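Since the structure comes first, as structure tokens, the remarks are kept for the end.
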Amino acid sequence: MYTLTGVTKTYSNGKKAVNALQGIDLTIPDGQMVAVQGPTGGGKSTLLQMLGALDRPSSGSVLLGDEDLAKASDSRLTKLRAGNVGIVFQSFNLIATLTALENVEAALVPLGVPKAQRRERATAALASVGLADRTGHRPAELSGGQQQRVAIARALVKDPKVLLADEPTGNLDEETRDEIIALLEGLWRDQGLTLVIVTHDSQVAARAQRRLHIAKGKLRDTTPVPKAPAQARPPAEEPPAEERPAWSKPADEATPPAGATAASPAPAASSAAAVAPTAAVSPAAPTDEA
Ligand SMILES: Nc1ncnc2c1ncn2[C@@H]1O[C@H](COP(=O)(O)OP(=O)(O)OP(=O)(O)O)[C@@H](O)[C@H]1O
Ligand SMILES: [Mg+2]
């Protein structure tokens, strides 16, 4: 899905330059669920902007399939974004004056979808996130969790290959967080999406097949490497499966996403397989931060 090579991003505000990304090499196979963690200011959102074609790197290449986003024209980036990538933010970013249905429909306007079809697809997308009975509500008339569901429907109505989420549960309470993660994970599995979630929440990150850590613009792959049974980690490190919420079961207990077939490593076996193509990032012990 993605191949990043030597990606740097330098922001220059007046005299002071900020090196937000400092040489990122990363491969994300189709259909993988990836969690990105790291300290504030580390470069997580900047990385997501590169993946989402919202911005170009200062140097290096960002291949989405075989197209280099670093070299694409503005109009090409707009088109790629409209068709291939859904993005969900911490602050929902809904338009306050539009209803839930209108917010979702708006994502289809740049794709030239006719009005009747926009309505039909937006209605179905809202139903798929459990909001069939809230289509006429404006954002202020919805709870935080419901607003994030609308934002997820808006991201997915265009049937993207990739869903990027930047702290999607950061503004939600714990229970709502679990609902939204379960929803995202169900959509990832059913629709064969490639899902990249930036999160400060280690419980959410533990659910991903792949874990990345980014600090000071540098990336490490922190996916726990499965060991031979004799060297397996003591079970005390994790609560028993029945004490964990459904979405936090290890990947090998989950059903593989429908779309993740021969082109990508099977999700169940992906922790080891996924580390292999990214020789440039060194696997390390999982890092948990608060
Ligand atoms: N548009 C911009 N102009 C100038 N500097 C920026 C810009 N966007 C980000 N930065 C800087 O780049 C660095 C990385 O920022 P980024 O937003 O990627 O961090 P983050 O890991 O997402 O942090 P957080 O967890 O707080 O969201 C920070 O030092 C930030 O101040
Ligand atoms: Mg951020």
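Residue numbers (the UniProt record's numbering): 1 to 290. Using N, Cα and C, we set each Cβ at its ideal position, and we do this for glycine too. It should be emphasised that the depicted structure is a prediction, and the values quoted were computed from it without experimental measurement.
Check, Outcome
"Cβ neighbours of Leu183 in the same chain (closer than 8 Å, five flanking residues each side left out)", "Val129, Gly130, Arg149, Ile152"
"C-alpha distance - Lys218 paired with Lys115, whole-angstrom precision", "44 Å"
"Every unbroken alpha helix (DSSP H) within the stretch 9 to 65, with a cutoff of 4 residues, ordered by chain", "44 to 51"
"Residues sharing a beta bridge with Gly86, DSSP", "Leu163"
"Alpha-carbon spacing of Asp25 relative to His137, whole angstroms", "43 Å"
"CB of Gly42 within 7 Å of CB of Ile87, strictly", "no"
"Heavy atom of ligand 1 within 6 Å of Thr46 beta-carbon", "yes"
"Buried or exposed (CB count within 10 angstroms, at least 16 for buried), Lys158", "buried"
"Status (buried if at least 16 other CB within 10 Å, exposed otherwise) for Gln37", "buried"
"Stretch-stretch touch, CB-based, cutoff 8 Å, three pairs: the stretch 167 to 175 with the stretch 9 to 21", "no"
"Any non-hydrogen atom of ligand 1 within 6 Å of Ala53 CB", "no"
"Identity of the residue in Ser59, Thr199, Thr27, Ala107 nearest Ala165 by Cα", "Thr199"
"CA nearest to the CA of Gln146, picked from Leu126, Gly112, Lys71", "Leu126"
"Gly42 Cβ short of 6 Å to ligand 1 heavy atom set", "yes"
"Exposed unless 16 or more other CB atoms sit within 10 angstroms - verdict on Asp30", "buried"
"Cβ-heavy atom distance, Tyr2 to ligand 3, below 6 Å", "Judged by which ligands are present, ligand 3 is missing from the structure shown, whose ligands are ligand 1 and ligand 2."
"Cβ neighbour criterion (16 or more within 10 Å) applied to Ser45", "buried"
"7 Å Cβ shell around Asn103 - same chain, five flanking residues per side excluded", "Leu94, Ile95, Val150, Arg154"
"Coil, strand or helix - Ile214 by DSSP", "strand"
"Beta-carbon contacts of Thr5 that lie in its chain and below 7 Å, excluding the five residues immediately before and after", "Asp25, Gly60, Ser61"
"Distance cut-off 6 Å: Ala127 Cβ against heavy atoms of ligand 1", "no"
"Test item: CB-CB of Val113 and Val162 under 7 Å", "no"
"Limits of the alpha helix (DSSP H) - the one that Thr176 falls within", "174 to 191"
"Cutoff 8 Å; reference Arg177; Cβ partners in own chain excluding five residues on either side", "Thr169, Asp201, Val204"
"Buried or exposed by the 16-neighbour rule on C-beta atoms within 10 Å, applied to Asp288", "Because Asp288 sits at a pLDDT of 45, beneath the cut-off of 50, its placement in the model cannot be relied upon, and the point is left open."
"Whole-angstrom distance between Ala17 and Leu77, CA atom to CA atom", "25 Å"
"Reduced DSSP secondary structure (H/G/I, E/B, other) of Thr78", "helix"
"Residue span of the beta strand (DSSP E) that contains Thr108, given as start and end", "For the record, residue 108 in the displayed sequence is Leu; it is not Thr. That residue, Leu108, is in no beta strand (DSSP E); it is neither H nor E in DSSP."
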